[in-house]
Amino acid sequence: MKTLIQTPTSNLTKSLSFYLKLGFTLLSKENPVIVSDGKAILEINPDNYARAGIKLLNKDWGTTVEKLNVLTTVLKTPSGYLLNDTNGVWIYLIEAEKEFHYTQNKTSSSVLGNFAGISIESIGIEKSKQLWEILGFKKTMGAVEQGWISLTNEDHFTISLMKANSCPHLFFNPSLTYFNGKNNVTIIKNIRKLNIPIIEEITHFNPKGEVDNISIKDPGGLGCFLFSD
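To convert a position in the sequence shown, counted from 1, into this note's numbering, add 25.
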């Protein structure tokens with residue numbers, strides 16, 4: 026299985042410029058356009074029918090789809106199947122005959138810092154967990170009872186589910202997530218220097234009321250959290 030994140034765009038040049046400014050590397054110039062910071066691999070899709078979501082590539086999804094049909098609606102597409110995770114996040118199951126050669130590195134190389142996967146705010150976290158488990162993800166941290174849980178697949182890609190109304194800040198489903206510890210303040214300064222628009226300056230977790238977490242969006246609307254932890 027291979028995993029990548031799809032971000033839609035109405036202006037491919039603008040979206041590509043956004044990611045290159047952040048230090049992403051262009052892996053494929055066309056059909057599809059793919060960029061990466063080493064750990065996060067994104068397809069920038071200018072198709073008007075594209076939606077922000079996760080693409081999972083495998084040779085055959087038949088058996089998995091049978092199990093998914095119990096939880097949600099699964100649509101057949103020319104390239105495989107389409108569903109959502111019950112929270113509006115689109116999941117593309119691509120039946121790929123050709124080898125997908127791009128792989129994750131152990132470290133991220135962009136201005137954003139350390140990529141920690143995708144965050145999703147969930148109305149029904151238990152049901153969301155079941156769906157991602159059917160897709161091959163296994164629990165690595167947290168628990169449903171704690172209000173958050175992280176699950177990782179064989180491609181070392183992590184999905185973090187947050188219980189509804191547990192995050193005291195704006196939330197865009199889905200969102201790239203970067204955890205940078207004490208380095209996050211410096212990373213925020215670098216984001217400002219690059220004139221990247223900040224959607225929200227977050228002070229809630231700082232005892233002094235200082236901005237130590239922020240969220241941004243790419244031109245296609247994909248969210249991105251830059252958090253200290």
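By construction, the Cβ of each residue, glycine as well, lies at the ideal position given by its N, Cα and C atoms.
Report the partner residues of residue i according to the DSSP bridge assignment.
{"i": "Asn198", "result": "Per DSSP, none; premise fails for Asn198."}
{"i": "Glu225", "result": "Ser240"}
{"i": "Ser191", "result": "DSSP, once it has assigned bridges, lists no residue as partnering Ser191."}
{"i": "Thr177", "result": "Lys163 and Thr183"}
{"i": "Leu219", "result": "Partner(s): none; Leu219 has no beta bridge."}
I believe residue i touches residue j by the beta-carbon criterion, under 8 Å. Please report the beta-carbon distance rounded to the nearest angstrom.
{"i": "Leu251", "j": "Ile212", "result": "6 Å"}
{"i": "Phe197", "j": "Lys242", "result": "7 Å"}
{"i": "Ser144", "j": "Pro199", "result": "7 Å"}
Buried or exposed: residue i, going by 16 or more other Cβ atoms within 10 Å of its Cβ?
{"i": "Asp6", "result": "Outside the modelled stretch of the chain, which goes from 26 to 254, sits residue 6, for which no answer is possible."}
{"i": "Asp85", "result": "exposed"}
{"i": "Ser42", "result": "exposed"}
{"i": "Ile66", "result": "buried"}
{"i": "Tyr117", "result": "buried"}
{"i": "Ser153", "result": "buried"}
Looking at C-beta atoms only, is the number of pairs between the segment 161 to 176 and the segment 104 to 113 that lie closer than 8 Å three or more? no
Length-filtered (4 minimum) alpha helix (DSSP H) runs lying within the segment 27 to 97: Counting only runs of 4+ residues, the alpha helix (DSSP H) found wholly inside the segment 27 to 97 occupies 37 to 46 and 87 to 93, in chain order.
How do the segment 46 to 55 and the segment 86 to 93 stand: do at least 3 beta-carbon pairs fall below 8 Å, yes or no? no
Validate contact between the segment 214 to 233 and the segment 172 to 186 using beta carbons, cut 8 Å, 3 pairs: no
Kindly confirm or deny that the segment 195 to 215 and the segment 123 to 138 touch, where touching means at least three C-beta pairs closer than 8 Å. yes
The segment 225 to 243 in contact with the segment 190 to 200 per 3-pair CB rule at 8 Å: yes
Could you pull out every unbroken beta strand (DSSP E) segment of at least 3 residues lying fully inside the segment 94 to 168, listed in chain order? Qualifying beta strand (DSSP E) stretches, in chain order: 100 to 102, 105 to 109, 115 to 120, 140 to 147 and 163 to 168.
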